[in-house]
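Notes follow once the structure below has been shown.
Number of protein chains: 2
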Amino acid sequence: MPKQQTIEKWGTFEAEFSGPSDGNPFLDTPFDAVFAQHGREVRVPGFYDGDGVYRVRFMPDAEGEWTFRTRSTTAALDGKSGAFIASAPSKDNHGPVSVRNRYHFAHADGTPFFSFGTTCYAWTHQPLDMQAQTLETLKRTRFNKLRMGVFPKDYPYNVNEPLHPIFLAGKDGKEDFDRPNPEAFRHFENQVAALRDLGIEADIIIFHPYDRWGYCNMSAEQDFRYLAYLTARLAAYRNVWWSLANEYDFLLDSKPMTQWDRYFHIIEENDPYRHLKSIHNGDVNMNYDHRKPWVSHVCVQNWDVKRTFDWREEYGKPVVNDEPEYEGNIIQSWGNITAQELVHRFWITVMRGGYAGHGETYSHPQDLIWWAKGGELRGEAWKRIGFLLDVLQEDVKNGLTPIGKPGVFPWSRVSGASDGDVRYIYLGEHQPVVWSTGLPMDDGDYDIDIIDTWTMKITPGERIPTPQLHPTRHGSVIRGRKPDAAFGVKLPGRPFQAIRVRQKSRAN
Amino acid sequence: MPKQQTIEKWGTFEAEFSGPSDGNPFLDTPFDAVFAQHGREVRVPGFYDGDGVYRVRFMPDAEGEWTFRTRSTTAALDGKSGAFIASAPSKDNHGPVSVRNRYHFAHADGTPFFSFGTTCYAWTHQPLDMQAQTLETLKRTRFNKLRMGVFPKDYPYNVNEPLHPIFLAGKDGKEDFDRPNPEAFRHFENQVAALRDLGIEADIIIFHPYDRWGYCNMSAEQDFRYLAYLTARLAAYRNVWWSLANEYDFLLDSKPMTQWDRYFHIIEENDPYRHLKSIHNGDVNMNYDHRKPWVSHVCVQNWDVKRTFDWREEYGKPVVNDEPEYEGNIIQSWGNITAQELVHRFWITVMRGGYAGHGETYSHPQDLIWWAKGGELRGEAWKRIGFLLDVLQEDVKNGLTPIGKPGVFPWSRVSGASDGDVRYIYLGEHQPVVWSTGLPMDDGDYDIDIIDTWTMKITPGERIPTPQLHPTRHGSVIRGRKPDAAFGVKLPGRPFQAIRVRQKSRAN
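Quick look at the structure:
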C-alpha cells in the first residue's frame, strides 16, 4: 500500500481512473464516489476528463482519514476504493464561505467574510498574458470575490473569440453541446484555483445572455447536463460560489422560471458542500424570488442603493448588490458613473447592512475594459473600496446591522450601522457641521473618529453637548422629545464623511 | 359722481365701508359683495379691518367696467354699490398662475410659468430691515415663488418673537383666536404685494406645526374662520398660491384628515379666482391624496427625486417637490446637502417633468438662515438653479414631458425630457464620453449643445454616428435591435452634463 496522500482540510482531493473513451463518455458513463469518515458518508459525482480519464474530486471538511469507493454501471469505474488523510488547513485557508448571522457571511473556520467583489466576466477567455495581468492587478487590490462567466461574452467591446470552445466539435464541425471540452474546463478551474490562492472567491456565472456561439440555444436537457458537469468538476474548490446567471431575466423567453428553479436543484444534487447560490437580475424590476429555499443570498443589480434596507427585509437573507452601476465612461448607463458615486454607493450599501460589487468600464482604444476582460484597473474607486474593507475588518465581527428602519427619519436620508462595540454613521451627500442621531445614548467612554471616505483620512472627532434637533412642541402636542443621543460630534462640513464610534474598553 | 377708479386687469380693487366696531365685528358682521360685468356675477367675501372699517377686495379678470353691490344683515354694510374700470394689464402683469397642459403651469395671459421656488418660512416676522434685505436678495435671483407662512415659526434657530401677534389680545391679555390682528395681516399682505411687484408668487403656508403661541391649539371652528378671513383679505392678490400646510401630517393628531379636506373647501368657498392649492407632507410616506379634486397640484417633500415620474403618474397633476432637501450644513438631515447635490436634484426633477424647490440652511452665528428668516443667500446652488430656469425659458413653451417611462431602461438611471422642438438629456452622476439614447430618430438638422450644469457653460456638441449600445443577439433570441437614435454625440466624460438638441428650422 502506497503512502497515503495528504490533503489539507478544505483542499481538493482528486482520484483518477481509466475507463471507456468510445461512444460519448460524457453521456454514457455515470459514475460517482462515496467518501466516508467514521459513520458519515458523502456522495460526490465524478466526471469524464477526456482521453479515457475519469476523475472524482472531494473537499474534506474534517481532519483525519477519509476513505472512498466508486459506483458505476461501467465495471472499470465501479468499486474502486482508496483513502487519504485530511490535515490541518494552511494559514490562509479559512474554508468555504457560507451565510452567518442571517445577513452576513463567514468562512467555515469562523473568519468573517465581508463580500467586496469585482467583475471580470470573461477574463478566463482572454489571452494568457492578460489573464496573468488580471491576477497581478487583483493582488494589489482588496477585492475578495470575482464575478466570472464560464462562457465567453459577445457584447460591444467584447468581440474576440474565447481561448477554448466550451464544447468539443461534433461530426459536423460545430460544437456538440453534449461533449464538454475538458481543456476549456481545466483552464477555467485552474484560474479558480489561482483566485483561491489569492484568497478570492470565484462567483461563477453559469448562464448569461451575451452569446454568439449558440450556448444560449442549448436544450433544457443540455443545460442540465452542463450544470451537473460543471458542478462535478468545480464543487470541490473551496472558493466557489454559484451564480446561476448574469441577467437571467433576459433569457426568460427561452429558459422559463421553472427551468431556473431546476438549475438550482441540480446544483444541490451535485454539490455536497452547499456552496453559496444566487441569481442576478438585469431589469431592476425583475428580481428572482430570493426567498426560495435554494437561494442562499440576495443578488441584485440596482442603482437605488438606499433600498438595501428593503431587500434585506423582503428576502431575509444577505444582500449582495453586484451592480450598483460601474465606474466608467462608456455609453451604457450602467457603466458610466463617477468613482466618487460608486464609492458613495458602496458606503451606503454597507451602512445599510448589505454588500456591493465593483466594476470598471472606462472606454479604451483596444476595448481592454476591466469589467469583461480584466487586465488593468484605470479608475479611482477600487482604492477607496479597499479602504472601506480595511475599516470594517478593523472592528466588525458579526456583520453590520443598520441603525433605524426603512423610511424612518433620518435613516432614509443618511446611513448608519453597528456591530457590537463599533458603530458608523455615513453622511454621504449630507455635510452637517455637527451630528448626533445614532450616536450612543449613554455618556460612556468612546473613541470617535471622522472618516473621509474619499481621501481615506481618519481624524479624531470632537465631542460636543447634544445639539437641539427638533422642537419639543409640535403643534398642539408637547412631545417632551428626548435627545436622540448623549452627545454630538463636530464635522468638517464636507460631503462623503463618516463617523466611527468605538467603546474605549473594548475586549479586542 | 366722482371719476371712476381704474384698476388694471388682475390688479386689486378695494372698497372701504364704515360699520359697527362694538362686540366682535370679526364674528358678528358677515358681509360680502357681488361684482358684476355684463350678465356675470362674482361673489366676494368682505372682511373687518379694525377701527370700524370694513373692506372688500376684488381682482378683475376682464377689462371694462365692473359694478358691485354689498350684502349684509348689518344695514350699514348692506346695499352699498359702486363701479370701477378694469384697464389693460401693465407689462409685467401676466395674471394669476393656474395649471396648464395637465403637468405644468401658466399665467392667465398664457405666459408659461416654470415653478422655481425658494423658502423663507417666517421672513415676514423678522425685523423690517431684514425683510427689506430679503426682497433685495430675491431681486438678484431668478426665484419666482416663495414659500412663506402666515404664522411665525418656533424651531431651532427660530426663537425670536414675531413682529406682530396674529390675533388681538383678549380681556385676559392672551391672544383671542376669534379676533385677527388687522395690523399683522396688513403687513403680511403688503409683503405679498411686494413679491407680486417682483414677479414672485407667494406660496402662502396656512398651517404648520412649529408653534409656541398656541396657533396650533385653535379649535376647528377657529381654524375655519381664520382661513375664511385670510382668503377674504388675500385672494384678490394675483400672485397668491394656497399651501394648506407645511408638514400637515405632523398635525394629524389634532387636525384629522377630514378637517384638512374642509380647509380646502373653505378656500374654494371664499376664493372666486381659484388660486392654486396644495398641501405639503413631512414624512416621505405621508403624501396627502393629491388626486382629490380640490388639490390643484402635487406638493411633496421627498429627497428621492428620480421618483418624480411616479408622482406624475400616481396623481396626474403638476408635481412640485418643494423640499428635495436643502443646501446647507445644519444638523438636520433635510438641511445639509451640498450645493451640487441640490442642483443635481433640480435637474433630475425638471428632466422628469416636475418642479423642485430651493432652500438654504447654512449654520450662522446669529441663526440668520435663509430657509426661515430670509436675509442673505450664502450658498452656491441658487445661481445654478437660476441658470436652469434661463435654459428652460429659452425654448420650452408647453412644459417638459419626460422621455421614457418609470423603470424603463435607461430612464430610471438618467433623465430626459422634451417639448416641441427642444429636448434635453441630463446625465447627472453618469459621465459617458458618448451618448445616443433619447436623441432624435431622424437624421435632421439639429443644434446640439452640451450644458455643464455646474459651471453653467454651454458648448456646441459634436455629432457622431450612432454608437452600438447593445448586442443584436440576446441569448437564443436574435432581436435585430434597432439603433435607439439616428446619431450620437460626444461628451466630456465629466459628471453633471446635459445634452440639448434643438431643431435648426424652429419657428421661434
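Quick note, the sequences are listed as chains V and A, same order. In terms of our numbering, the first sequence has 307 at position 315, counting the first letter as 1, and numbering is strictly consecutive. In terms of our numbering, the second sequence has 312 at position 320, counting the first letter as 1, and numbering is strictly consecutive. We put the CB at the ideal spot given by N, CA and C, even for glycine.
So is V/Gln29 in contact with chain A if we call contact Cβ pairs under 9 Å? By one-based count along the first sequence, residue 29 of chain V stands at place 37. Not a single CB atom of chain A sits nearer than 9 Å to the CB of V/Gln29.
Does the beta-carbon of A/Asp146 have 16 or more other beta-carbons within 10 angstroms, so that it is buried, or is it exposed? One-based indexing of the second sequence puts residue 146 of chain A at position 154. A buried status is given to A/Asp146, since no fewer than 16 other beta-carbon atoms sit within 10 Å of its beta-carbon.
According to DSSP, which residues form a beta bridge with A/Thr110? Residue numbering aside, residue 110 of chain A sits at position 118 when the second sequence is read from its first letter. Paired residue(s): A/Leu138.
Quick one: does A/Asp170 have its CB under 9 Å from some CB of chain V? The count along the second sequence starts at 1 and reaches residue 170 of chain A at position 178. Not closer than 9 Å to any Cβ of chain V, the Cβ of A/Asp170 fails to qualify, so no.
Count the other C-beta atoms from every protein chain shown that fall within 10 angstroms of the C-beta of A/Ile158, then say buried if there are 16 or more, exposed otherwise. What you label residue 158 of chain A is simply residue 166 of the second sequence in a count that begins at 1. Buried.
Between which two residues does the beta strand (DSSP E) holding V/Gln(-3) run? Along the first sequence, one-based indexing puts residue -3 of chain V at 5. Taken as a continuous stretch (DSSP letters only), the beta strand (DSSP E) holding V/Gln(-3) covers -3 to 0.
On the three-state DSSP scale, how would you describe A/Gly206? For this step, residue 206 of chain A is matched to residue 214 along the second sequence. DSSP places A/Gly206 in coil when its eight states are reduced to three.
Counting Cβ pairs closer than 8 Å, one from the segment 434 to 448 of chain A and one from the segment 479 to 486 of chain A, do we hit at least three? Yes: the two stretches touch, three or more of their Cβ pairs being nearer than 8 Å.
Are the C-beta atoms of V/Ser325 and some chain A residue less than 9 Å apart? The residue labelled residue 325 of chain V in the question sits at position 333 within the first sequence. Residue contact with chain A for V/Ser325: present (Cβ-Cβ distance below 9 Å to some residue of chain A).
Which word fits V/Asp41, buried or exposed, when buried means at least 16 other C-beta atoms lie within 10 angstroms of its C-beta? As a working note, residue 41 of chain V is residue 49 in the first sequence. With 16 or more other CB atoms across the displayed protein chains lying within 10 angstroms of its CB, V/Asp41 is buried.
Would V/Met343 be called buried (16 or more neighbouring beta carbons within 10 Å of its own) or exposed? Numbered from its first residue, the first sequence carries residue 343 of chain V at position 351. Flag for V/Met343 reads buried.
Is it true that the CB of A/Trp374 sits closer than 9 Å to the CB of A/His350? Numbered from 1 along the second sequence, position 358 holds the residue referred to as residue 350 of chain A. Numbered from 1 along the second sequence, position 382 holds the residue referred to as residue 374 of chain A. In this structure, A/His350 sits near A/Trp374, with a CB-CB distance shorter than 9 Å.
Where A/Val276 sits in the DSSP three-state scheme: The count along the second sequence starts at 1 and reaches residue 276 of chain A at position 284. Note: A/Val276 maps to coil in three-state DSSP.
Just to confirm the assignment: which complete beta strand (DSSP E) runs, minimum length 3, are found wholly within the segment 226 to 299 of chain V? Segments of the beta strand (DSSP E) lying fully in the segment 226 to 299 of chain V: 232 to 237, 290 to 292.
Tell me V/Phe76's beta-bridge partners as DSSP assigns them. Here the question's residue 76 of chain V lines up with position 84 in the first sequence. Answer is V/Gln(-3), V/Trp58, bridged to V/Phe76.
Could you tell me whether any Cβ in chain A is nearer than 9 Å to the Cβ of V/Phe479? Taking the first sequence and counting its residues from 1, one reaches residue 479 of chain V at position 487. V/Phe479 does not count as touching chain A.
Unbroken beta strand (DSSP E) run spanning A/Arg494, endpoints: Working through the second sequence from its first residue, we reach residue 494 of chain A at position 502. Unbroken beta strand (DSSP E) run through A/Arg494: 489 to 495.
Between the Cα of V/Asp53 and those of V/His267, V/Ala7, V/Leu461, spot the shortest distance and give me the residue it belongs to. By one-based count along the first sequence, residue 53 of chain V stands at place 61. Closest in C-alpha terms to V/Asp53, from the list V/His267, V/Ala7, V/Leu461, comes V/His267.
In angstroms, rounded to a whole number, what distance separates the CA positions of V/Thr(-2) and V/Gly11? For this step, residue -2 of chain V is matched to residue 6 along the first sequence. For this step, residue 11 of chain V is matched to residue 19 along the first sequence. Approximately 25 Å between the Cα atoms of the pair.
Out of curiosity, what's the CA-to-CA distance linking V/Lys298 and V/Ser404? To locate residue 298 of chain V, count along the first sequence from 1; it is residue 306. To locate residue 404 of chain V, count along the first sequence from 1; it is residue 412. Roughly 7 Å between the two C-alpha positions.
Thinking C-beta only, is A/Gly420 closer than 9 Å to A/Ile361? Your numbering for residue 361 of chain A matches position 369 in the second sequence. Your numbering for residue 420 of chain A matches position 428 in the second sequence. Taking C-beta atoms as the reference points, A/Ile361 and A/Gly420 fail to come closer than 9 Å.
Contiguous alpha helix (DSSP H) assignments of at least 4 residues, all confined to the segment 302 to 337 of chain A: Whole alpha helix (DSSP H) segments, 4+ residues: zero.
Taking the beta carbon of A/His336 as the centre, do at least 16 other beta carbons fall within 10 Å, making it buried, or is it exposed? As a working note, residue 336 of chain A is residue 344 in the second sequence. A/His336 is buried by the Cβ-count criterion.
Count the other C-beta atoms from every protein chain shown that fall within 10 angstroms of the C-beta of V/Gln385, then say buried if there are 16 or more, exposed otherwise. Translated into positions along the first sequence, residue 385 of chain V becomes position 393. In this structure V/Gln385 is exposed. Its beta-carbon is surrounded by fewer than 16 other beta-carbon atoms within 10 angstroms.
Hey, how far is the Cα of A/Val311 from the Cα of A/Val89? In the second sequence, residue 311 of chain A corresponds to position 319, counting from 1. In the second sequence, residue 89 of chain A corresponds to position 97, counting from 1. For A/Val311 and A/Val89, the distance between alpha carbons rounds to 15 Å.
Determine the extent of the beta strand (DSSP E) in which V/Gly38 is found, giving its start and end residues. One-based indexing of the first sequence puts residue 38 of chain V at position 46. Per DSSP, V/Gly38 belongs to the beta strand (DSSP E) from 32 to 40.
8 Å contact criterion, which V/Gly367 and V/Asn313 should meet: CB distance rounded: Here residue 367 of chain V corresponds to residue number 375 of the first sequence, with the count starting at 1. Here residue 313 of chain V corresponds to residue number 321 of the first sequence, with the count starting at 1. V/Gly367 to V/Asn313, Cβ: 24 Å. No contact.
For A/Ala75 and A/Glu58, believed in contact at Cβ under 8 Å, the rounded distance: Indexing the second sequence from 1 puts residue 58 of chain A at position 66. Indexing the second sequence from 1 puts residue 75 of chain A at position 83. The question names Glu, but residue 58 of chain A in the sequence shown is Trp. Between the beta-carbon of A/Trp58 and that of A/Ala75 there is about 7 Å, and that keeps the pair under the 8 Å contact cut.
Can you check which of these residues, A/Gln358, A/Tyr280, A/Tyr221, A/Asn273, is closest to A/Thr250 by C-alpha distance? Here residue 250 of chain A refers to the residue found at position 258 when the second sequence is read from its first residue. Of the listed residues, the one whose Cα sits closest to A/Thr250 is A/Tyr280.
Find the residues of chain B that neighbour A/Asp164, judging by a C-beta separation of less than 7 Å, and give them in chain order. You won't find chain B in this structure, because its protein chains are V and A.
Supposed contact pair A/Arg61 and A/Val26 - C-beta distance, whole angstroms, cut 8 Å: Along the second sequence, one-based indexing puts residue 26 of chain A at 34. Along the second sequence, one-based indexing puts residue 61 of chain A at 69. Contact holds; Cβ gap of about 6 Å.
Step through the CB atoms of chain V and report whether any lies within less than 9 Å of the CB of A/Phe401. Numbered from 1 along the second sequence, position 409 holds the residue referred to as residue 401 of chain A. So yes, A/Phe401 belongs to the interface.
Ends of the alpha helix (DSSP H) at V/His179? If you number the first sequence from 1, residue 179 of chain V lands on position 187. Unbroken alpha helix (DSSP H) run through V/His179: 174 to 189.
Within-9 Å CB hit, A/Lys137 to chain V: Counting from 1 along the second sequence, the entry for residue 137 of chain A is found at position 145. Output row for A/Lys137: interface = no.
Runs of beta strand (DSSP E) wholly within the segment 370 to 432 of chain V (minimum 3 residues, chain order): Runs of the beta strand (DSSP E) inside the segment 370 to 432 of chain V: 407 to 411, 414 to 418.
Given this structure, state the Cα-to-Cα distance separating V/Val184 from V/Arg32, to the nearest angstrom. By 1-based counting over the first sequence, the position of residue 184 of chain V is 192. By 1-based counting over the first sequence, the position of residue 32 of chain V is 40. Cα to Cα, the separation comes out at about 28 Å.
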